[in-house]
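Asks: Mind the numbering: the sequence shown is residues 2 to 352 in this note's numbering, read in order. C-beta atoms are modelled at their ideal positions from N, C-alpha and C, and glycine is treated no differently. All values reported here derive from a predicted model rather than from experimental measurement.
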Amino acid sequence: MSRLNIIKKNQSENKESKIKTILAIAAGKGGVGKSTVSVNLALALKEKGYRVGLLDADVYGPSLEQMIPCGMEPVEDPQNPEKLLPALAFGIPFISVAHFKREATIVRAPIANSILDEFLHTVEWGELDFLLIDFPPGTGDIQLTLMQKACISAAILVTTPQAVATLDVRKALQLFLQMGIPILGVVENMSYFEEEGKKFFPFGSGGGQALAKEFAVPFLGAIPIDSKISEMGDLGESLFEKAKESLGAKGFEVFTDTVLSEMKNLKKEEVQVREKDSKHVEIFLNGEWHALSLHEIQKNCPCARCSKEKKSDPKVALLEFSLMGRYALKITFSSGCSRGIYPFSLLKKMV
């Protein structure tokens, strides 16, 4: 394949995506109900007529298969053997490592990253209005891989009211911001319960609102403690079919309406990069295309080889490039180096 064809291929992968919006559902910690929020947000969006998909990115502790038992297992696409058709239930396509491993999952990080890459690019998701990614707990290598491989539109941070929960959620929120991913807002799960018309706050109150205020992001709502939420999740049934009048269903309906409202306010700043010639790429900024020298970009490569050659090789040329999520550009130079990842914040300073 020629250099130009490789470049066109890398650019077209984003342009030809059939997924309009990718939302990350994250917390930076376990136990706050990310999967519960992911599943019920997906079901609520489906109820409103949107085409929704679910990706369970928790390789070590997948739970979506329990909460949405599949009517159809993942199968090889008969029209394209290199693609995989996702599982399907409630009209929602979804994929989880639990579909392939029934025993305890012991996977090293590089293999986990490879699995997630397959889920993102090998699964034939079809045309979707939303793909929800149920992020694994933590703020490490797997989370970074997801942010680099998926062009995430925005993130929803899930917390519970306690201060100890917001500590880890704060770290996750900061990581998304560092990676150039917009924060759609914070939702507080297990916020309160009602009895005889009165609200009680067994885990304290205000943690989610305080976190949203601290980072100047929207507070997306409070999900109540309701036995119907956990009951439907354990049974793998839809909260909106079996318990539509429950407090939990109403809480998720309000939350979903707020999410859709905030989506309208989300600034869509799609990064565009193209080849100008063999010695330059162009970045679209402030309504104009700006040329950047490959030689100048390579000066910022961290590898030892480029450090030696950066002052003596002004003729370095482009072999290929690809976008790393919403925050950086990865370049393969004619020198053979492909280790450098160049944040858009750096490229903008070079304009």
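To the nearest whole angstrom, what separates the beta carbons of Met180 and Tyr343, a pair I think is in contact under 8 Å?
Replies: Between Tyr343 and Met180 the Cβ distance is about 14 Å, and since that is not below 8 Å, they are no contact.
Asks: To the nearest angstrom, how far is it from the Cα of Leu158 to the Cα of Leu174?
Replies: So the two alpha carbons sit approximately 7 Å from each other.
Asks: Excluding sequence positions up to five away, which residues of its chain have a Cβ less than 6 Å from the Cβ of Thr22?
Replies: Phe131, Ser154.
Asks: How many angstroms separate the CA atom of Ala105 from the CA atom of Glu297?
Replies: Per-residue confidence for Ala105 stands at a pLDDT of 46, beneath the threshold of 50, marking its modelled position as unreliable; no derived number is given.
Asks: Going by beta carbon distance, what residues of the same chain come within less than 6 Å of Leu5, once the five residues before and after it are set aside?
Replies: A caution first: Leu5 carries a pLDDT of 27, below 50, which makes its placement in the model unreliable, though a value can still be read off. Closer than 6 Å at the Cβ level, and outside the excluded window around Leu5, lies no residue.
Asks: In chain order, what residues of the same chain lie with their CB nearer than 8 Å to the CB of Pro63, ignoring the 5 residues before and after it?
Replies: Closer than 8 Å at the Cβ level, and outside the excluded window around Pro63, lie Asp57, Ser97, Val98, Ala99, Thr106.
Asks: Under 8 Å: do the region 31-49 and the region 203-217 share three or more Cβ pairs, one atom per stretch?
Replies: With the cut-off at 8 Å, the region 31-49 and the region 203-217 do not touch.
Asks: Could you name each continuous beta strand (DSSP E) segment of 3 residues or more that falls completely within the region 238-320, going from the start of the chain to the end?
Replies: Correct list: 274-278, 281-286, 289-294.
Asks: Could you pull out every residue in the same chain whose Cβ sits closer than 7 Å to the Cβ of Gly92, ignoring the five residues on either side in sequence?
Replies: Same-chain partners within the cutoff: Lys47.
Asks: Tell me the DSSP secondary structure of Met73 in three-state form.
Replies: Here Met73 sits in strand by DSSP.
Asks: Determine the extent of the alpha helix (DSSP H) in which Ile143 is found, giving its start and end residues.
Replies: It spans 142-150 - the alpha helix (DSSP H) in which Ile143 sits, taken as one unbroken run.
Asks: If you run the structure through DSSP and keep just helix, strand and coil, what is Glu197?
Replies: Reduced to three states, the DSSP call for Glu197 is coil.
Asks: With distance defined between alpha-carbon atoms, name the residue in Phe95, Gln149, Lys150, Leu117 nearest to Leu129.
Replies: Ranking the options by Cα distance to Leu129, first place goes to Phe95.
Asks: Which stretch, first to last residue, makes up the beta strand (DSSP E) that contains Ala25?
Replies: First-last of the beta strand (DSSP E) with Ala25: 20-27.
Asks: Pairs of beta-carbons, one from the region 176-195 and one from the region 223-238, closer than 8 Å: are there three or more?
Replies: In short, these stretches touch, since the Cβ pair count reaches three.
Asks: Using alpha carbons as the reference points, say which of Ala28, Ile20, Met351 lies closest to Val187.
Replies: Selected option, being the one with the closest Cα: Ala28.
Asks: Can you list, in chain order, the residues of its chain with a C-beta nearer than 7 Å to that of Ser294? Leave out the 5 residues immediately preceding and following it.
Replies: Correct list, in chain order: Lys280, His281.
Asks: Does the beta-carbon of Arg52 have 16 or more other beta-carbons within 10 angstroms, so that it is buried, or is it exposed?
Replies: By the neighbour-count rule (16 or more Cβ atoms within 10 Å), Arg52 is buried.
Asks: Measure the alpha-carbon distance for Leu42 versus Lys331 and round it to whole angstroms.
Replies: Whole-angstrom Cα-Cα distance: 33 Å.
Asks: With 16 as the cutoff for other CB atoms within 10 Å, does Thr257 come out buried or exposed?
Replies: Result: buried.
Asks: Start and end of the alpha helix (DSSP H) containing Glu215?
Replies: First-last of the alpha helix (DSSP H) with Glu215: 208-215.
Asks: Helix, strand or coil: which one does DSSP assign to Asp169?
Replies: Three-state result, Asp169: helix.
Asks: Under 8 Å, do Phe1 and Thr161 count as touching if we go by C-beta distance?
Replies: Residue 1 is absent from the structure shown; the chain starts at 2 and stops at 352.
Asks: By the three-class DSSP mapping on this structure, what secondary structure does Ser339 have?
Replies: Three-state DSSP puts Ser339 in coil, outside helix and strand.
Asks: Under the rule that 16 or more other beta-carbon atoms within 10 Å means buried, what is Trp126, buried or exposed?
Replies: Trp126 should be labelled buried.
Asks: Quick check: the Cα distance between Gln144 and Cys302, rounded to an integer number of angstroms?
Replies: Answer to the nearest angstrom: the Cα atoms are 23 Å apart.
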